[in-house]
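Heads up: the sequence shown begins at 1 in full-length UniProt numbering, then just goes up one per residue. C-beta atoms are modelled at their ideal positions from N, C-alpha and C, and glycine is treated no differently.
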Amino acid sequence: MKVLVVGGGGREHALCWAIAASPLLTKLWCAPGNAGIAEVAECVPIGAEDIAALVAFARDNAMDVVVAGPEAPLTLGLADACAAAGIRCFGPSAAAARLEASKAFTREVADAAGAPGARWRRFEDAAAARAYVRAQGAPIVVKADGLAAGKGVVVAASVEEAEAAIADIMENRIHGAAGATVLIEECLIGQEVSFFALCDGTTAIPLGAAQDHKRVGEGDTGPNTGGMGAYSPPPVFTDALLEETMARIVRPVLAEMARRGAPFRGVLFAGLMITADGPRLIEFNVRFGDPECQALMVRLRSDLLPALLAACDGELAAFDLRWEPVHSLVVVMAARGYPGPYAKGTEIRGIERAAQVPGVQVFHAGTARREDGALIATGGRVLAVTATGTTLREAQAAAYAAVDAIDWPEGFCRRDIGWRAL
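Given below as structure tokens:
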């Protein structure tokens, strides 16, 4: 089979790495890719949001399936354009991708489906939002309604912090048009878990869970990022909680989306809070998480490609996935300054040494090759150093041993990934 993966981050490297191992694969492309992805796929210089060019390339090269990595091309209609061209696309239609594009839409769907979540209100007026926050008190959550690259949520410990977030999002528009509307939500208490389900429009099957580390600093301090590390499986997420999540959240929402004429196909990423009353929905994403995808792919024993095809073709009812009996842990190495301004073009050495640590796979997120062959950093999150082990502590030790083998003075990482479990 011929496959095109869309995107160029660590998540896409992990997807390409897993798909490249499939005996069904004839050839793999990635658009636009990165230096690490170029080792397992042919990279093509097409932006992930250039829908017309992506579909034309897929058609001209007779792709059997297009696999969407990030959310932006899905919200822009990549799956719809592929369908119109007669090409399979792993990922939801633009109508179904509203589950990520609009947090208010997600809450409306979840409420209609009876899925447990936080109490919430939507505001288009900053003064009204501030008045509601003062009436409710803190802690409280302020969310930009639209896409904000994983950085549009503020968990405010005080009313003053919530009011500042409302000003930043609605008035200063730090997230652009995504902040025209905000949601003010009840602050749920518990441990946060990322849960993934493969969906084919009518059937959903579990695709594993992970715990992410969103804040930039150790001990979960500092501003939110796209994710500084993850581990899988999370001990807090028991088999009973998995079944409850499927029964009370995933399957009812899947049925509600079908009822609305927007059946969901692809991977449904449920951000959950594990509370004293069980799992409650924080938000949905419509693609694999990053760096959760890396943590999942190194544990997956099954061939990924047939699973993606079964989701596209409505054949998940007869499908199951097998997992290696191991733990995985991902440490993200980022450019100093991230998530604020950071330098690009700094040289990274020692990747080969890191990859020789037993159980380690180094996924590239923001890298490129100079003309002289040197590896350079081109993004904020640059590497996802991923390790497996028979225990989580063993995986953690291997991941940090690999981090220490990498020579990149301009980079940094958190040193406490996995702390909740360990």
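Under a three-way DSSP split, which group does residue i fall into?
i	result
I205	strand
C199	strand
P306	helix
G219	coil
V382	strand
W17	helix
D320	coil
K103	helix
R248	helix
P73	helix
L24	coil
A52	helix
E12	helix
I348	strand
A35	coil
C43	strand
F237	coil
A311	helix
Q356	coil
F288	coil
G176	helix
V65	strand
V298	coil
How long is the line joining the alpha carbons of residue i and residue j, rounded to whole angstroms?
i	j	result
D290	Y342	20 Å
A171	G114	With the sequence shown as reference, residue 171 is identified as Glu, and Ala is not the correct amino acid for it. Whole-angstrom Cα-Cα distance: 33 Å.
R355	A402	The sequence shown places Ala at residue 355, rather than the Arg named in the question. Rounded to whole angstroms, A355 to A402 spans 7 Å at the Cα level.
H364	M273	29 Å
A405	E347	14 Å
residue 427	F105	The structure shown has nothing for residue 427, since the chain only spans 1 to 422.
T367	R259	43 Å
L24	A270	30 Å
F288	G10	11 Å
G91	G359	30 Å
E161	M257	35 Å
residue 437	R381	What is shown of the chain runs 1 to 422, which leaves residue 437 out entirely.
V155	G86	43 Å
A230	E283	18 Å
L76	A94	6 Å
P409	V216	18 Å
Q294	R415	18 Å
A149	L74	14 Å
R107	P116	10 Å
Under DSSP, the beta strand (DSSP E) around residue i begins and ends at which residues?
i	result
F284	G278 to N285
R369	T367 to R369
I166	Looking at the DSSP string, I166 is not in any beta strand (DSSP E); the run it does join, the alpha helix (DSSP H), is V159 to I166.
Q361	V360 to H364
R265	R265 to T275
R121	W120 to F123
L183	V182 to E186
Y231	G229 to S232
V330	H327 to A335
A144	I140 to A144
G7	K2 to G7
A156	V153 to A156
Rank the options by C-alpha distance to the C-alpha of residue i and give the top, closest one.
i	options	result
K214	A180, T225, G373 and A96	T225
G266	R259, C312 and R299	C312
G345	T378, V330 and F237	T378
A31	C43, R134 and P23	C43
D303	E324, R287, G314 and A157	E324
F264	P23, N61, C89 and L24	C89
T26	T221, D220 and V40	V40
K151	A18, L15, A53 and G222	G222
M246	S102, L281 and G314	L281
C187	G137, G229, H175 and L207	G137
L242	F195, G229, A85 and L422	F195
G146	A157, A156, P139 and R122	R122
Q211	G69, Q361, L296 and P339	L296
I351	A35, R414, K2 and R248	A35
V67	L392, V159 and L305	L305
V141	F57, A72, R119 and V193	R119
Tell me the residue span of the alpha helix (DSSP H) that contains residue i.
i	result
Q136	A126 to Q136
C89	Segment R88 to F90 is the beta strand (DSSP E) holding C89; no alpha helix (DSSP H) there.
R375	A quick correction: the sequence has Leu, not Arg, at residue 375. Looking at the DSSP string, L375 is not in any alpha helix (DSSP H); the run it does join, the beta strand (DSSP E), is L375 to A377.
L392	L392 to A405
A83	L78 to A84
Please indicate yes or no: does the CB of residue i lie closer than 8 Å to some heavy atom of the ligand SAM?
i	result
A94	Looking at this structure, you won't find the ligand SAM or any other ligand, since it has none at all.
Q: Answer yes if the region 319-335 comes into contact with the region 196-209, meaning at least three C-beta pairs across the two stretches below 8 Å, and no otherwise.
A: yes
(Q) Does the region 99-116 come into contact with the region 125-134, if we say contact requires no fewer than three beta-carbon pairs (one atom in each stretch) closer than 8 Å? (A) Pairwise C-beta distances place the region 99-116 out of contact with the region 125-134, as fewer than three of them are shorter than 8 Å.
Q: Take every Cβ of the region 376-396, pair it with every Cβ of the region 172-189, and state whether three or more of those distances are shorter than 8 Å.
A: no
Q | the region 388-399 in contact with the region 47-66 per 3-pair CB rule at 8 Å | A | no
Q. Are at least three pairs of beta-carbons, each pair with one atom in the region 54-71 and one in the region 235-244, less than 8 Å apart?
A. no
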